[in-house]
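Protein chains in written order, with the working numbering: chain L, 12 to 127; chain H, 18 to 128.
Shown next, in the form of structure tokens:
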């Protein structure tokens with residue numbers, strides 16, 4: 012069964028450093044997402060991406076964040092200057108639906124980011 | 018996107034049927050209702066989606082009344098492994114754009 016993969020599984024960084032979280036969505040999917048989940052809290056939407064551009068973003072997704080699909084398989088989330096409050100689990104998801112009638116998102120296993 | 022309200026937590030015993038109800042009073046005409054399950058330290062996993070009446074798959078059923086202002090996820094004969102957080106989402110964007118998760122319902126299944 013195809014699945015979304017994410018690397019690394021755990022990233023530890025110093026405050027102010029840049030981090031890049033990587034995701035490989037399911038190969039025939041067209042819609043890509045990043046979410047984060049602070050420990051013990053709900054899943055929070057960050058950004059959706061379609062046709063090589065951002066479709067929607069939340070208020071969390073400020074100028075410190077960027078996303079990119081550098082090739083045909085990877086989807087990355089960059090945090091330019093990490094803060095302590097960026098410590099969370101980051102999930103990537105993908106779907107093949109065009110959004111007009113709902114659809115299933117497939118989530119990766121997550122990257123746990125710890126900012127010291 | 019329609020706001021959803023679910024119970025914060027529920028307890029059940031193995032072998033019982035569990036029904037989790039979600040309220041979405043301001044659901045829009047084109048909105049679908051989707052449920053996800055999340056285990057600790059894992060990403061959410063799609064369970065079921067519906068628009069109206071009843072939908073059933075191999076793991077759950079989804080009951081949606083005619084006014085669509087609420088929906089009920091039904092898990093038949095739960096086991097210990099069904100202990101998880103269950104999220105109800107409403108919106109056409111569950112397929113393509115912005116997806117808003119609520120606080121979810123934490124289900125505890127006891128032996």
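Beta carbons: idealized from backbone N, C-alpha and C, even for Gly.
Since this is a predicted model, take the numbers as computed values, not measurements.
**OP:** Scan the segment 74–98 of chain L and note each continuous beta strand (DSSP E) run of 3 residues or more that stays entirely inside, going in chain order.
**Re:** 76–79 and 86–90
Original post:
Got a sec, what are the start and stop residues for the beta strand (DSSP E) residue 98 of chain H sits in?
Top reply: For the purposes of this step, residue 98 of chain H is taken as residue 81 along the second chain, with counting starting at 1. Here residue 98 of chain H belongs to no beta strand (DSSP E), and DSSP marks it neither H nor E.
Original post:
For a contact meaning CB atoms closer than 8 Å, what does residue 119 of chain H contact in chain L?
Top reply: On the second chain, position 102 is the one that residue 119 of chain H refers to. Going along chain L in sequence order, the residues near residue 119 of chain H (Cβ under 8 Å) are 53.
Original post:
Under a CB-based cut-off of 9 Å, is residue 15 of chain L close to chain H?
Top reply: Your numbering for residue 15 of chain L matches position 4 in the first chain. It does: the Cβ of residue 15 of chain L has a partner Cβ on chain H nearer than 9 Å.
Original post:
Any Cβ of chain L within less than 9 Å of the Cβ of residue 71 of chain H?
Top reply: On the second chain, residue 71 of chain H is found 54 positions in, with the first residue counted as 1. Chain L has no Cβ within less than 9 Å of the Cβ of residue 71 of chain H.
**OP:** Below 8 Å CB to CB, which residues in the same chain sit around residue 24 of chain L once its five sequence neighbours on both sides are set aside?
**Re:** Within the first chain, residue 24 of chain L is the residue found at index 13, counting from 1. The answer, listed in chain order, is 30, 93, 124, 125, 126 and 127.
**OP:** Measure the C-alpha to C-alpha separation of residue 44 of chain L and residue 105 of chain L and round it to an integer number of angstroms.
**Re:** Position 33 of the first chain, counted from the start, is the residue given in the question as residue 44 of chain L. Position 94 of the first chain, counted from the start, is the residue given in the question as residue 105 of chain L. Those two C-alpha atoms are separated by around 6 Å.
Original post:
residue 30 of chain H lies in the beta strand (DSSP E); which residues open and close that run?
Top reply: Residue mapping note: residue 30 of chain H aligns to position 13 of the second chain, counting from 1. First-last of the beta strand (DSSP E) with residue 30 of chain H: 26–30.
Original post:
Hey, how far is the Cα of residue 70 of chain L from the Cα of residue 32 of chain H?
Top reply: Position 59 of the first chain, counting from 1, holds the residue named residue 70 of chain L. Position 15 of the second chain, counting from 1, holds the residue named residue 32 of chain H. Near 43 Å, if we compare the C-alpha coordinates of residue 32 of chain H and residue 70 of chain L.
**OP:** Output the distance between the C-alpha atoms of residue 50 of chain H and residue 127 of chain H, rounded to the nearest integer angstrom.
**Re:** In the second chain, counting from the first residue as 1, residue 50 of chain H sits at position 33. In the second chain, counting from the first residue as 1, residue 127 of chain H sits at position 110. Roughly 28 Å between the two C-alpha positions.
Original post:
What is the C-beta distance between residue 35 of chain H and residue 79 of chain H, in whole angstroms, given that I count them as a contact (C-beta under 8 Å)?
Top reply: Looking up residue 35 of chain H in the second chain gives position 18. Looking up residue 79 of chain H in the second chain gives position 62. Contact doesn't hold; Cβ gap of about 13 Å is too wide.
Subject >> Coarse secondary structure for residue 67 of chain H, derived from DSSP in three states >> reply: Position 50 of the second chain, counted from the start, is the residue given in the question as residue 67 of chain H. Collapsing the DSSP output to three states places residue 67 of chain H in a strand.
Original post:
Where does the unbroken beta strand (DSSP E) through residue 14 of chain L begin, and where does it stop?
Top reply: As a first step, residue 14 of chain L is located in the first chain; it is residue number 3 there, counting from the start. Following the DSSP letters along the chain, one finds residue 14 of chain L in no beta strand (DSSP E), marked with neither H nor E.
**OP:** Would you mind working out which of L:75, L:67, L:15 and L:59 sits nearest residue 27 of chain L, comparing C-alpha positions?
**Re:** Counted from its first residue, the first chain places residue 27 of chain L at position 16. Taking only the C-alpha atoms, the option nearest residue 27 of chain L is L:75.
Subject >> Own chain, CB closer than 6 Å to residue 94 of chain H, minus 5 neighbours either side, in chain order >> reply: Within the second chain, the letter at position 77 stands for residue 94 of chain H. Contacts found: 32.
Original post:
So is residue 103 of chain H buried or exposed if we call it buried at 16+ other beta carbons inside 10 Å?
Top reply: For the purposes of this step, residue 103 of chain H is taken as residue 86 along the second chain, with counting starting at 1. Buried, by the Cβ-count rule.
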